[in-house]
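The next block holds one structure in the form of structure tokens; read it before the comments.
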Amino acid sequence: MEEIRELKERMERERPVEWDAFPDIGLYMDQVISYMPRQLIQYGDEEILTSAMVNNYIKDGMLPRAEGKRYSRTHLASLTAICALKQVLSVKDVSRLCRLGMEGRESQQVYGSFLRSLSAALDETAAGLDENVTEDDLAGLALHLALGSYARKLACQRVLDLLQEKQGDGDKQKK
Numbered sequence: 613m614e615e616i617r618e619l620k621e622r623m624e625r626e627r628p629v630e631w632d633a634f635p636d637i638g639l640y641m642d643q644v645i646s647y648m649p650r651q652l653i654q655y656g657d658e659e660i661l662t663s664a665m666v667n668n669y670i671k672d673g674m675l676p677r678a679e680g681k682r683y684s685r686t687h688l689a690s691l692t693a694i695c696a697l698k699q700v701l702s703v704k705d706v707s708r709l710c711r712l713g714m715e716g717r718e719s720q721q722v723y724g725s726f727l728r729s730l731s732a733a734l735d736e737t738a739a740g741l742d743e744n745v746t747e748d749d750l751a752g753l754a755l756h757l758a759l760g761s762y763a764r765k766l767a768c769q770r771v772l773d774l775l776q777e778k779q780g781d782g783d784k785q786k787k
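Under the working numbering, residue 787 is the last one in the sequence shown; the count climbs by one each step, no gaps.
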């Protein structure tokens, strides 16, 4: 099917920008909101990010406060990860993952790791798409992809729990 071939090609080709390709000047909120949809593959007109979401992420500690009224590369990198992860995890789990993943690491390093993981996941999924699938097989393909997402989310949540437990044990040992 042409649509599956096009999806496969987009998944193999389209990636968020590298750290150094982010604007090197701070962006205002409206510029951030218009910038973010270019970072991730999407279909449809659903808003990927609103100013209210950004403000909530800041309030919840998922995102640092703006520098004045401007948002830096660190903000854009964090928002790219948050916007991708919130598609499959609850905001609470995204917050946990961001907090645990950032611990003791620089934003540029974390973003590079995020890009490598995202690229591998997109490549793996694209490789599993059969562009010769028939319309009769689309439901089966959708089911297969959904169950794969379920299994990975289940594993992710358990790993997050283990990380949190490990962190809690480390906090107890420090006392």
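Glycine residues also receive a C-beta, built at the ideal position from the N, C-alpha and C atoms.
Excluding its 5 nearest sequence neighbours in each direction, Gln-769 has C-beta neighbours in its own chain below 7 Å: Asp-705, listed in chain order. In the three-state DSSP reduction, Glu-679 falls in the strand class (E or B). According to the DSSP assignment, Asp-735 belongs to the alpha helix (DSSP H) that extends over 719-739. Within 10 angstroms of the beta-carbon of Arg-728 lie fewer than 16 other beta-carbons, which makes it exposed.
Per DSSP, the beta-bridge partners of Leu-639 are Tyr-683. Straight through space, the alpha carbons of Arg-682 and Leu-755 are spaced by roughly 43 Å.
For Leu-652 against Ile-660, the beta-carbon gap comes to about 7 Å, under 8 Å, which counts as contact.
In this structure, the alpha-carbon of Glu-747 lies about 8 Å from that of Met-613.
The closest CA to that of Gly-680, considering only Leu-753, Arg-622, Tyr-640, is found on Tyr-640. Judged by their CB atoms, Ile-616 and Glu-743 are nearer to each other than the 7 Å cut-off. Membership of Ile-616 in the alpha helix (DSSP H) is indicated by the continuous run 614-625. Here Glu-777 carries a helix assignment [DSSP, helix/strand/coil].
For Ala-664, the enclosing alpha helix (DSSP H) starts and ends at 663-671. From the listed residues Met-623, Glu-715, Ala-751, Pro-635, the smallest Cα separation to Met-674 is found for Glu-715. Under the three-state reduction of DSSP, Gln-654 is assigned to coil, being neither helix nor strand.
DSSP, reduced to helix, strand and coil, places Thr-746 outside both helices and strands of the structure shown, so it counts as coil. By the Cβ-count criterion, Ser-707 is buried, with 16 or more other Cβ atoms from all chains shown falling within 10 Å of its own Cβ.
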